[in-house]
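In terms of the numbering used here, the sequence shown opens at residue 26 and continues consecutively. Built from N, CA and C at the ideal position, the CB exists for glycine as well. Note that the structure is a prediction, hence the values are computed from the model and not measured. Working notes for the structure below.
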Amino acid sequence: MLARLTSAAVAGVEAYRVAVEVDVSSGLPGISVVGLPHSAVREGRERVIAAVKASGLDAAPRKVVVNLAPADVPKEGSALDLPIAVGLLVASGQAPAPGTDVCLAGELGLDGGLRTVRGAVAAAVRCVDEGLRTLILPESAAREAAIVPGLEVLSARHLVEVVEHLRGTRPLPVARPLEPAPTAPAPDLAEVRGQMGAKRALEIAAAGGHNLLLIGPPGAGKSMLAARLATLLPPLAREAALDVARIYSAAGEPRAGLDRRPPFRAPHHGVSDAGLVGGGPAPRPGEISLAHHGVLFLDELPEFRRAALEALRQPLESGEVTIVRARRSATFPAAFQLIAAMNPCPCGRLGDGSDRCVCTEADLRRYRSRISGPLLDRIDLRVEVPLLDPEDLRPAEGVPTASARSSSAVAEGVRAARERQRERHGHPEMVNARLDVAGVHRHCFVGEAAWPLLSAAVTRMRLSPRAYHRVLRVSRTIADLAGSRGIARPHVAEALQYRGGSAGGRA
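Here it is in structure tokens:
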């Protein structure tokens with residue numbers, strides 16, 4: 026007897042439909058799996074047999090052949106255990122077949138218990154796209170997938186529960202998504218003393234989604250500033266939050282519920298190239314994809330591997346990264362906002378007002394050369410973060426200083442600027458930093474009063490066409506923060522000053 030079921034497998038951050046065909050015929054008892062199964066799928070035969078036996082059912086009454094279609098696409102992971110086991114029971118007459126609009130996925134333990142699988146959200150999105158109505162998953166994975174609208178997600182803890190559901194004796198419960206866990210109070214921008222220029226740059230970066238480089242000696246507040254960027258960003262739209270949840274689910278780091286907070290990733294500088302941009306034998310998303318629609322913070326930027334930093338150049342422009350392997354390739358979304366921090370020199374004391382710097386010119390050139398010109402050209406804002414005067418650090422007896430704008434106050438201006446961009450561009454997640462060349466020409470027109478300043482700066486600072494367009498995008502964001510419909514001379518002047526604080530003196 027032949028049984029046909031529907032399942033889903035994950036490739037990268039996407040899921041694709043898999044038809045599981047199980048045929049039981051006369052012959053020596055045993056299970057063979059065809060259709061390019063990888064080791065985890067092949068090993069699933071032993072898990073299926075043990076789980077079916079533990080559930081009090083007949084495991085392999087006769088010869089069993091399992092075909093996984095499409096047969097020319099590699100199948101990875103353990104999510105096909107459940108549909109293979111159910112297909113065996115259906116083909117041997119021990120359980121009724123599920124409907125054609127039902128999808129099953131899950132890993133089996135030897136006792137018949139169901140264990141979670143990665144990519145539950147991606148599988149649910151694929152089910153909706155394919156017009157399926159029901160998805161049966163292990164309990165924890167079902168709670169992940171329950172955030173996807175337009176689909177009934179059923180939760181199961183054991184193979185016996187799935188069989189009883191198919192027999193109609195005990196229906197499976199509908200999964201309910203987990204609520205995002207409460208978090209500790211977020212750090213406030215008002216806690217950072219002084220650094221008015223860096224705070225202003227942080228506000229512009231948040232408003233327009235611009236990349237930012239903070240340059241200053243150790244302890245000046247670079248990491249404190251970067252950590253507070255997340256408090257300035259508006260919540261994600263539902264579609265963007267679902268997109269982020271799909272990536273985290275495929276990476277095996279599920280978020281609880283439909284979390285609207287933009288992701289903030291801060292990998293250590295020892296991260297591998299594959300860990301940063303994605304990769305591996307079966308390509309997995311890296312940190313830049315986990316920062317999609319959010320922030321990637323790279324502290325001690327020159328300490329990262331040169332190859333890893335250079336791999337950021339393409340996704341910074343396109344918002345995605347393609348990993349190519351001999352037998353497969355995967356494209357991951359990577360529309361992240363880069364915030365980086367670095368010292369002015371290897372010892373960190375250059376320009377701190379003392380004579381303690383011991384770095385030679387060769388040391389300085391070698392340190393700064395770790396960041397290539399093309400990568401630096403893609404960073405819109407470069408800001409010096411100097412050491413503070415003692416008066417800036419002195420406690421103020423409860424009296425707020427002039428620079429103590431709270432995160433909520435700054436975030437309100439950021440929200441208003443983002444709303445202007447949303448209305449202008451017609452997309453909830455479109456920001457000025459993501460404008461293409463046509464969008465720059467359409468929305469970043471510079472008036473007659475501002476053009477002489479910009480034209481002179483292009484010549485004097487030797488700005489590349491890319492840098493010129495980035496200046497225009499930053500000018501547009503500054504105008505949005507000011508509530509101005511056009512780009513005026515002060516907006517261009519402020520944008521140009523952020524191109525000057527470069528590592529190594531390059532524009």
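For the pair of segments examined, the region 359 to 368 was found to touch the region 235 to 244: the number of CB pairs separated by less than 8 angstroms reaches three.
Closest option to Ile-56, judged by alpha-carbon separation, among Lys-100, Ala-110, Tyr-41, Ser-32: Ala-110.
In the three-state reduction of the DSSP assignment, Gln-522 falls in the helix class, which pools H, G and I.
In the three-state DSSP reduction, Asp-388 falls in the helix class (H, G or I). Note on Phe-357: 16 or more other CB atoms within 10 angstroms of its CB, so buried under the neighbour-count rule.
Apart from the 5 residues on each side of it in sequence, Arg-271 sits with its Cβ closer than 7 angstroms to the Cβ of Val-38, Val-146, Ala-147, Val-150 in its chain, given in chain order. Under the three-state reduction of DSSP, Asn-368 is assigned to coil, being neither helix nor strand. Under the 10 Å beta carbon count, His-317 is surrounded by 16 or more other beta carbons and is classified as buried.
The beta strand (DSSP E) runs lying completely inside the region 38 to 65 and spanning 3 residues or more are 39 to 50, 55 to 59, given in chain order. Here Pro-108 is not near Leu-135, since their CB atoms are 9 angstroms or more apart.
Note that the C-beta distance between Val-346 and Ala-333 is not below 9 angstroms. The Cβ-Cβ distance between Ala-436 and Thr-208 does not fall below 9 angstroms. By the C-beta criterion, the region 512 to 523 is judged to be in contact with the region 478 to 496, since at least 3 inter-stretch pairs fall below 8 angstroms. The beta carbon of Asn-92 is closer than 6 angstroms to those of Glu-46, Val-59, Gly-60 in its chain, skipping five residues each way along the sequence. Between the C-alpha atoms of Pro-196 and Glu-342 there is a straight-line separation of about 49 angstroms. Going by C-alpha positions, Arg-350 is about 18 angstroms away from Ser-314.
Under the three-state reduction of DSSP, Gln-339 is assigned to helix. Contact annotation, Gly-102 with Ala-65: C-beta distance approximately 6 angstroms; criterion of less than 8 angstroms satisfied.
Selection Leu-337, Glu-328, Pro-327, Arg-286 evaluated against Ala-299 yields Leu-337 as nearest (Cα-Cα). Going by beta carbons, Gly-438 and Ala-215 fall outside the 9 angstroms limit. The beta carbon of Ala-167 lies closer than 6 angstroms to those of Val-178, Ser-180, Ala-200 in the same chain, with the five residues before and after it left out. Leu-326 counts as buried, since at least 16 other C-beta atoms from the protein chains shown sit within 10 angstroms of its C-beta. For Ala-33, the secondary structure class from DSSP, reduced to helix, strand or coil, is strand. Here Pro-174 carries a coil assignment [DSSP, helix/strand/coil]. Within the DSSP bridge table, the entry for Glu-345 names Pro-358 as partners.
Counting along the chain, Lys-224 sits inside no beta strand (DSSP E); it lies in the alpha helix (DSSP H) bounded by residues 221 to 233.
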